[in-house]
Amino acid sequence: MLLGVRNGNRLTRDYNKNGLSLTLRPPFVPMTARAFGLVCAGLAALLLVAVAVPSSPAQLEIYPDLTRLPVGEQIRYSVFQLQDGERKPVKNYSLRSNDPAIVRVVDKWRLSAVSPGTAEVLIHSDVGKRVLSVDVSPEARPEMPATHHSQVDRLVGEELLFVGHANQDGYDHTAVAKPGIDRLVRDFKARGHPVIYFVSEDYPFWYTDDRQPDLAIVSEGQEHEILVDAERIVFTGGDFMFCTPRNAQMTLHGMLKAANRERINFVFPADAIWAVDIFAPGRFRPYPAPMALLAHLMSGHPTHEDRYEQVVVPFLERLLEEFPVTGYPAVAPGPPLAELVEGWTVDVAIDNEFTRRYRSGDPNKVIRFDFPSI
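Quick look at the structure:
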C-alpha cells in the first residue's frame, strides 16, 4: 500500500511490503531491467577501469564471456588489448550492430537485446577491432523497477538482505558470488524478510535468479544516506574491500546518528561476497582475472586467529576509519563515522566458533560483525 504523507513542503510515500517499511521521496521513477548492473566506484578508482578494445594484431579479449542474451536485457562489455603480455584497457571505441532490430546500440558502452535472432556487433577503435556474434533468445526476463537512493528516506524491517553489485558485466564477470547470493535470496523470501538490491545504471546485466526484490535502489558505489532500522542486516555482493564496506559504513552511520538502537548486527556471508583477487597471500590477480569469494580469502589463512588478523581487521579498519571508502562520495554525511562509533563496543564472530573484541566500550551499546562461512 502507498500512502502520501505531507511533510513540510514535500510529499513522501510510506510503503509496506513483506515486512519492509520504507519512505520514498518523489519522484519515484520506475526503471526497466535494462537500466541496471552494478559498478564498484572504489574499484573503478583504484584498479583497471571499465572498457577497452583489442589491438591488432594482438589477441583481443572481451569480458564477460557472454554473447547469449534474453530479450529486453542490456549488457556492457569490457574489452582489453593484450600487449607485451599485459592486458590494457582501451577506453575510446565505438559499437555498431548490423541488425538494430535484433541488437541495438544504446550508447557508447551498452547493447540492448531487442528481438530473437543473431546480430553481429563491430567493436572498433584506433588500436583494433573485433566482431561479436550476439544471440538473442526469445525468453524475456522480468522488469525490475528501481529508485535512486536519494529518493529513499527509510528502510525498516526485522531482518534485511542487501545485495550489491551482483552484475556479470562488472567486475564479477564469472558470477562467483551468484550461488551464495541466490541461496540467501531464497532463504529470506521463504522466511518473509525483505530483499534489497543495490543496482547501477552503467552496468546493466544483473545476474541473480530472482528479479523481484522488495526494493531495487540505484547507487553506483552503494553509497546512500538512507535511515535503516533493523535488528540484523546481511550484506552480500561486492567488492569486499570497496563497495561492501561503503554500504555497511553508510548504513551504520545512519543507525548511530538516529541513536534508536543499542544492539547492531551486521553479517557478511563468506560464500556470497566477492572480492578482487589481490588480498590472498602470494596472489595478485586484478581484474579482468575472475573475482574471489570471501571464503577464498579466508581459506588462505590456516586458523581463525589468522583470518581475523589478516582479513577481518583490515576490513573493519576500512569500514570504521576510512569514511567514506576511497573518498567516494566526495561529500559524506556528517559527523565523521569515527565520532559516532566512539564509546561503542565492537565484537567480531567467525563461524560462531571464534569471537574477538575489536574495540571495548559501553557494554550496553554493542556492534557485532559476523562472518559465517555458510
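The numbers in the sequence shown follow the numbering used here, run straight up by one, and end at 365. Each residue gets a CB set at the ideal place from its N, CA and C atoms; glycine is no exception.
Following the DSSP letters along the chain, one finds H244 inside the alpha helix (DSSP H) bounded by residues C234 to A249. Short of 7 angstroms from the beta carbon of L175, and not among the five residues preceding or following it, lie these beta carbons of its own chain, in chain order: L152, V225, T227, P260 and A263. Boundaries for F270: no beta strand (DSSP E) harbours it, and the DSSP string shows neither H nor E there. Counting every other CB atom within 10 Å of its CB across the protein chains shown gives D230 a total of 16 or more, marking it as buried. DSSP, read as helix, strand or coil, puts P80 in strand. Here the alpha carbons of A221 and D193 stand approximately 30 angstroms from one another. In summary, E333 is exposed, with fewer than 16 beta-carbon neighbours lying within 10 Å of its beta-carbon over all protein chains present. Inter-segment contact for the stretch 337 to 348 and the stretch 232 to 242 is absent: fewer than three beta-carbon pairs are separated by less than 8 angstroms. Residue state for Y299 is assigned as helix, using DSSP reduced to three classes. Annotation: L86 is outside any alpha helix (DSSP H); the continuous beta strand (DSSP E) that includes it extends over S85 to S88.
V186 places its beta carbon less than 8 angstroms from that of P204.
Under the DSSP assignment, R174 falls in the alpha helix (DSSP H) whose first and last residues are K169 to A181. In this structure, DSSP gives G352 a state outside helix and strand, which the three-state scheme calls coil. Per DSSP, L328 is one residue of the alpha helix (DSSP H) stretching across L328 to V332.
Between S124 and the set S116, T138 and G108, the nearest pair of CA atoms involves G108. Under the three-state reduction of DSSP output, R309 falls in the helix class.
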